[in-house]
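Engineer: Below is a structure I'd like to ask you about.
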Amino acid sequence: MTESESELEKGPTGSRRGRGARERILGAALRLFREQGINRTGMDQLCAAAQVSKRTAYQHFDGKDELVAEYLRRFDPTVLSDVFDRPDRTPRERLLAAFDIPPTTPLCPYIAAAVELHDPEHPASRYARDYKKAVAARLADAAREGGAADPEQLGEQLALLLDGAAARTRVLDADAFPTAAAIAAALVDKALPAAAGTGR
10 MTESESELEK
20 GPTGSRRGRG
30 ARERILGAAL
40 RLFREQGINR
50 TGMDQLCAAA
60 QVSKRTAYQH
70 FDGKDELVAE
80 YLRRFDPTVL
90 SDVFDRPDRT
100 PRERLLAAFD
110 IPPTTPLCPY
120 IAAAVELHDP
130 EHPASRYARD
140 YKKAVAARLA
150 DAAREGGAAD
160 PEQLGEQLAL
170 LLDGAAARTR
180 VLDADAFPTA
190 AAIAAALVDK
200 ALPAAAGTGR
């Protein structure tokens with residue numbers, strides 16, 4: 010190992026930190042971005058929390074913008090697979106399971122990032138937009154499987170309810186998901202034929 014390569018393996022105090030710098034940086038980003046927000050978290054603080062030098066950080070990420078986008082990609086790369094990839098559930102059960110979210114869950118990171126960044130062309134904003142479209146598409150797929158006449162419309166309605174409940178829970182510090190789930194159930198029951206919604 011050359012002297013420069015060895016330097017990349019050291020933390021900000023010069024002590025050797027071993028391999029896995031990229032994962033430590035992402036782990037620190039996950040914690041700090043959720044706890045205090047993206048804009049209030051600087052690269053110096055991230056590097057200190059990850060125990061890497063800034064030079065090491067920039068070896069793994071071109072800059073903070075790329076790090077923020079990767080942070081979002083790590084949250085749910087399969088787009089709610091624990092909800093939708095369940096053959097043991099009916100389409101109706103899958104649609105309503107999307108609303109089974111603990112009230113202690115922090116604000117959706119995709120919403121938080123889009124609000125903080127104020128830039129629709131930021132890589133993280135584009136990723137958040139793509140993710141939200143993917144959620145609506147998965148909802149629409151389940152609605153289509155359940156026999157909904159207009160699955161895209163139902164998917165968009167349920168996606169809107171999810172995001173509204175997430176924001177309202179955070180703003181009011183009160184669980185809005187039970188109310189959203191009740192509205193979702195009414196929409197789903199109206200849209201799905203009874204046999205397709207409840208049968209297996």
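Heads up: the sequence shown begins at 10 in my numbering, then just goes up one per residue.
Glycine included, every Cβ here is placed at the ideal spot set by N, Cα and C.
All values reported here derive from a predicted model rather than from experimental measurement.
Quick one: is Val92 buried, meaning 16 or more other Cβ sit within 10 Å of its Cβ, or exposed?
Structural biologist: By the 10 Å Cβ count, Val92 comes out buried.
Engineer: So what's Gly23 in DSSP terms, helix, strand or just coil?
Structural biologist: At Gly23, the pLDDT of 40 sits below 50, so the modelled position is not reliable; the number obtained from the coordinates is stated separately. Coil at Gly23, not helix or strand.
Engineer: Rounded to the nearest angstrom, what separates Arg101 and Val124 at their Cα positions?
Structural biologist: Near 31 Å, if we compare the C-alpha coordinates of Val124 and Arg101.
Engineer: Check this for me: beta carbons of Ala107 and Leu167, under 8 Å apart or not?
Structural biologist: Going by C-beta atoms, Ala107 is nearer than 8 Å to Leu167.
Engineer: Going residue by residue through the segment 132-160, where are the continuous alpha helix (DSSP H) segments of at least 4 residues, counting only ones entirely within it?
Structural biologist: Those alpha helix (DSSP H) runs which fall completely within the segment 132-160 and span 4+ residues are 132-154.
Engineer: For Val180 and Gly46, what's the separation of their Cα atoms in angstroms?
Structural biologist: Cα-Cα distance, rounded: 15 Å.
Engineer: For Phe186, count neighbouring C-beta atoms within 10 Å of its own C-beta (all shown protein chains included) and say buried if the count is 16 or more, exposed if not.
Structural biologist: Buried is the call here.
Engineer: Could you tell me the alpha carbon to alpha carbon distance between Ala122 and Tyr67, rounded to whole angstroms?
Structural biologist: The straight-line gap from Cα to Cα measures roughly 21 Å.
Engineer: Do the segment 29-39 and the segment 53-60 meet, that is, are 3 or more Cβ pairs less than 8 Å apart?
Structural biologist: Segments in contact, yes.
Engineer: Between Val77 and Ala133, is the Cβ-Cβ spacing less than 8 Å?
Structural biologist: Against a cut-off of 8 Å, the Cβ pair of Ala133 and Val77 comes out as a contact.
Engineer: Apply the 10 Å Cβ neighbour rule to Lys199 and answer buried if 16 or more other Cβ atoms are within range, or exposed otherwise.
Structural biologist: Burial call: exposed.
Engineer: Among residues of its own chain, excluding the 5 on either side of Arg103, which ones have a beta-carbon nearer than 7 Å to its beta-carbon?
Structural biologist: For Arg103, where only same-chain residues beyond five positions count, the Cβ hits under 7 Å are Val92, Phe93, Arg95, Ala151.
Engineer: How big is the Cα-Cα spacing for Tyr119 and Asp71?
Structural biologist: One C-alpha to the other measures close to 21 Å.
Engineer: Given that a residue counts as buried once 16 or more other Cβ atoms are within 10 Å of its Cβ, and exposed if not, what is Gly51?
Structural biologist: That one is exposed.
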